[in-house]
Structure formats: C-alpha cells, structure tokens
Amino acid sequence: MKIRHSVHPSDFKHYDTDRLRQHFLIEELFAGGRITMVYTHEDRMVIGGAKPAGEALLLEAADTLKTDYFLERREIGFINIGGDAVITVDGESYELGLLDTLYVGMGARDLRLASRSANEPAKIYFCSALAHTAKPTRKVSVQEANTLHLGALETSNERTLHQIIHEGGVQSCQLMLGVTLLKPGSVWNTMPAHLHDRRMEAYLYFNLGPDARVFHLMGSPEETRHLVVANEQAVISPAWSIHSGAGTSNYAFIWAMAGENYTFKDMDLVTMDTLK
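Just so you know, we're using my numbering here: the sequence shown kicks off at 26 and counts up by one.
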C-alpha cells in the first residue's frame, strides 16, 4: 500500500507537473492478479483496485493500518467496472455485475475478491473510510440507485448521476459513493465548480478510449491547476480543492467522499468569474 500525505494549498501552487501527478494521480489500479491500494491522509481514505485473474484475492490490513484486519475500524464500498465479480464477506458471497456496488460495514474480517470468469476478469474499484459503528452489508445495482438526469447537450454536460452510498440510499458512517455517466457529445463534469471543505473526494475516470483523456481541474478557485488523466486512473481531491474536468470524448467517473458532513447540501458554489 502506497501512502500519500496531505498537501497545503499554499504549497500546492508551486508544484510542477511531475509533483502534481506524484501527489494526486493514481495511474495504475487494475494490475492482473493483485490488489493495488493507496492510503491518502486526506480524511484517511484508502483507494484501491483489483483485477482478479485466478484465485480469490484476500483484502488484508498490511502494516500500514496497524490493525488486525482491514475493516477493524473502517467501512468500504466496492463497485465493479469489468466482468462479473464475486466478493466474499466472512463466508457469504455476493455477485457483482457491471456497475453493481457492495457496501461492507466495520467489523467484517474476511474479504475476498474474485472474478466469475478468468476470461472476462472483474475490475473491482473500492474506497474505504474510517468508521465508528457497524452498518449492514448491502449489495445494490445501479438501477436501484437514486438517479438524477442533469445538464444539457447545449452546454456539453448532459449526464446521468447515480447516488448509491449516501444518507438516502445505502447507509454508511461517512463514506459516500456514486457514479456519473456522460452522454455522447458531452465532456464537462462538475462545472460550474464547487467546494466542500468538510469532505475530500476521489474520482476514478473510466470508459475512455486509448487515445482519449480527461483534463481534471483542481486547486483553489483562484489558483487552479490540471492533471491529464487516462482511462481507469484516479484522482485524489483535497477538501480545499475544486474537482472538475473536461474530456476529449464522453466518459464515466466514480466519485467517493469522506469527511465530516454526510450530505450533498454543504457545497460552496464557485462562480465562473472567480476561477483563475
């Protein structure tokens, strides 16, 4: 498990491209036959991915967490973006098709990630946040999510937003998770931009072609920078940063948040004349 430390916004504005990418971009999450994880000190979220190729992969605490098992003091949300997945939680198996989500609460001891077929391996993305109490394990399909149809083709941001783990859906302690799908011809996400200084956010961009890229905007509204992001790469967004982007084609992204507030109503909107 790799560790990413927190960054102060005053230091951030002096970063060059390489340093931006080292701190905030996760370039490879789905290596065959293993679990890849990044521990960020931004609200202590763990961001990870797995592409099981043969035997089931055991999700372990490792030395980084200093706990006896991964979910001793954590909760986790899994979402599958590949072939059918099988996740086993303390001996009980859950099958996840495309964009199905599994929430597992604090206290589950044995988590194993597998592909239903080695010929069509799963790609299991997950985000884990600190937890203070145990919530029930629950599987939910994208069709069961709270779905919003937003934007318009005229503004290049027609999209479908699925809220999955949140106060009105799958219950958690602090983790929030969902997926947004942009329609063909639309490229912008989360613009006009906003901040939520009480929560960090992580983005996983996917459904991009080999030559397509997303230009992810981040930083303080008055001091923005960008990352060039390829398919199935993730971005860590600190609480003080905007998080927005435009692609060279349409795409999808999974968003996950952790922090103090457990609501979508605490956003501070950023007007276009503020961005620089």
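Beta carbons: idealized from backbone N, C-alpha and C, even for Gly.
From a predicted model like this one, the values you see are computed outputs, not experimental measurements.
Give a yes or no on whether the C-beta atoms belonging to residue i and residue j are separated by under 7 Å.
| i | j | result |
| --- | --- | --- |
| HIS219 | VAL295 | yes |
| GLU67 | ILE261 | yes |
| ALA110 | LEU121 | yes |
| GLN188 | ALA170 | yes |
| GLY58 | ALA78 | yes |
| LEU252 | HIS241 | yes |
| ALA283 | LEU200 | yes |
| ASP291 | ARG223 | yes |
| PHE55 | LYS38 | no |
| THR61 | GLY74 | yes |
| ALA87 | TYR94 | no |
Which residues mark the beginning and the end of the alpha helix (DSSP H) in which residue i is found?
| i | result |
| --- | --- |
| LEU173 | Counting along the chain, LEU173 falls outside any alpha helix (DSSP H), though it belongs to the beta strand (DSSP E) covering 171-175. |
| PHE103 | Taken as a continuous stretch (DSSP letters only), PHE103 belongs to no alpha helix (DSSP H), being part of the beta strand (DSSP E) at 99-105. |
| SER35 | 34-37 |
| HIS48 | 42-49 |
| THR273 | It is not in any alpha helix (DSSP H) - THR273 carries neither H nor E in the DSSP assignment. |
| LEU90 | 87-90 |
What does a CB cutoff of less than 6 Å around residue i pick up in its chain, not counting 5 residues either side in sequence?
| i | result |
| --- | --- |
| VAL129 | ILE101, VAL114, THR162 |
| SER166 | ASP125 |
| ALA237 | THR273, SER274 |
| ASN105 | LEU121, ASP125, ALA147, ILE149 |
| TRP213 | SER181, ASN182, ALA271 |
Name the two residues that bound the continuous beta strand (DSSP E) containing residue i.
| i | result |
| --- | --- |
| SER140 | 136-140 |
| THR65 | 60-65 |
| HIS241 | 239-245 |
| GLU285 | Neither: GLU285 is in no beta strand (DSSP E) and is coded neither H nor E. |
| VAL295 | No beta strand (DSSP E) holds VAL295; DSSP gives it neither H nor E. |
| VAL95 | Correcting the residue type first, residue 95 is Phe in the shown sequence and not Val. Note, PHE95: premise wrong, no beta strand (DSSP E); not H, not E. |
Residues in the same chain with beta-carbon distance under 8 Å from residue i, minus the five sequence neighbours each way, listed in chain order, please.
| i | result |
| --- | --- |
| SER142 | GLY108, ASP109 |
Only counting the same chain, and skipping five residues up and downstream in sequence, which positions put a Cβ closer than 7 Å to that of residue i?
| i | result |
| --- | --- |
| GLN258 | LEU50, ILE51, GLU52, TYR230 |
| GLY193 | ASN171 |
Please specify which runs of the alpha helix (DSSP H), each continuous and at least 4 residues long, are wholly inside the region 149-193, giving them in chain order. Runs of the alpha helix (DSSP H) spanning 4 or more residues and lying entirely within the region 149-193 do not occur at all.
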